[in-house]
Amino acid sequence: MEHKYRESVLSELSRHGIAPNSETPPDVVHDFVNDLYRYEIRALREKMRSGLIPKNRYASRVEELRKRYPVLSLPKDYWTVVD
């Protein structure tokens, strides 16, 4: 099955070095982006636990990270266009 991704979604994905083709299912791409986000959030938490980030700055850093992944807030059904 072929998938036609929205340009806005492709643009957001490219910020993370992700370039799905028409044969890549949105579920696979979403899971990959979600795993990348989870990796980064865990690394951020570890930095806070090891003292590299003060606890009072952790929440703002988490918010900054979330803002870099707006595509995850979109339903997967929106990622593609139905012709």
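Note that my numbering has the sequence shown beginning at 1, numbered continuously upward.
Just so it is clear, CB atoms sit at the ideal spot from N, CA and C, and this is done for glycine as well.
If the five residues before and after residue 71 are omitted, its C-beta is found closer than 7 Å to the C-beta atoms of 9, 12, 13 and 33, all from its own chain and listed in chain order. In this structure the segment 48 to 61 does not lie against the segment 20 to 32, because fewer than three pairs of beta carbons, one per stretch, are closer than 8 Å. Per the coordinates, the alpha-carbon of residue 83 lies some 10 Å from the alpha-carbon of residue 3. Taking C-alpha positions only, residue 38 is separated from residue 44 by approximately 10 Å. Assigned with DSSP and collapsed to three states, residue 58 falls in helix. Ranked by how close their Cα comes to the Cα of residue 5, the residues 26, 16 and 15 have 26 in first place. Contact annotation: residue 40 and residue 74 have beta-carbon atoms that are not nearer than 7 Å.
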